[in-house]
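Student:
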Amino acid sequence: MSCEHKKAVPNGQMKPSGDSWRLNYVTGDLFSCSGDEALAHCISEDCRMGAGIAVKFRLKFGGMDELKEQKKQTGECAVLRRERRFVYYLITKKRASQKPTYDNLKLSLEDMKSHCLKNKYWLWPGQTAVEKSVRDTGTGL
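Numbering follows the working numbering, in which position 38 of the sequence shown is assigned residue number 46; successive positions increment by one, without gaps.
#1: Need the endpoints of the beta strand (DSSP E) that Y97 sits in, please.
#2: Assuming T82 contacts K102 under a Cβ cut-off of 8 Å, what Cβ separation, rounded to an integer in Å, is found between them?
#3: I need the DSSP call for C50, collapsed to helix, strand or coil.
#4: Using the C-alpha atoms, what's the distance from H49 back to K121?
#5: For the putative contact between E45 and R93, defined by C-beta atoms under 8 Å, what is the C-beta separation to the nearest angstrom?
#6: If you compare alpha carbons, which of A86, A104, E91, S105 is closest to L117?
#7: Which class does Y129 belong to by DSSP, given the choice of helix, strand or coil?
#8: In angstroms with no decimal places, state the Cα-to-Cα distance between K80 and G60.
#9: Using the beta-carbon count (16 or more within 10 Å), is L125 buried or exposed?
#10: In chain order, what residues of the same chain have a beta carbon less than 7 Å from the beta carbon of E91, not counting five sequence neighbours either side?
In structure tokens, the structure reads:
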């Protein structure tokens, strides 16, 4: 993947706390990232995925029945395992026609992190795949 890193603040102006993580802004084709990197995006409980990037996720990873069988609710996270990666579906609203809230996004991100920790989904010691490559999450807020 041809990516270009952009810094949000000039070097030296941001000092992370001891228990924080770093977010890198990367441009490029989301689906050309390494096959062991997690991907995540926001959907509604009804799993419609009929617009925007959700359509691309649906076509690339399928699993609509598998997602619906998980019966996840707003604030939770549905998961598909595809080869070496997890694909996370953050449930941020009840219906596709609604708008997500920051509270529901936060809850679903916490649920995703719990899944990573429970499944020991690490890319290197001390960093979960979530911290490495949550991409295009929270659009529409």
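Every residue, glycine too, gets a C-beta built ideally from N, C-alpha and C.
Tutor: Once the coordinates are examined:
#1: 93-101
#2: 6 Å
#3: strand
#4: 14 Å
#5: 6 Å
#6: A86
#7: coil
#8: 21 Å
#9: exposed
#10: G43
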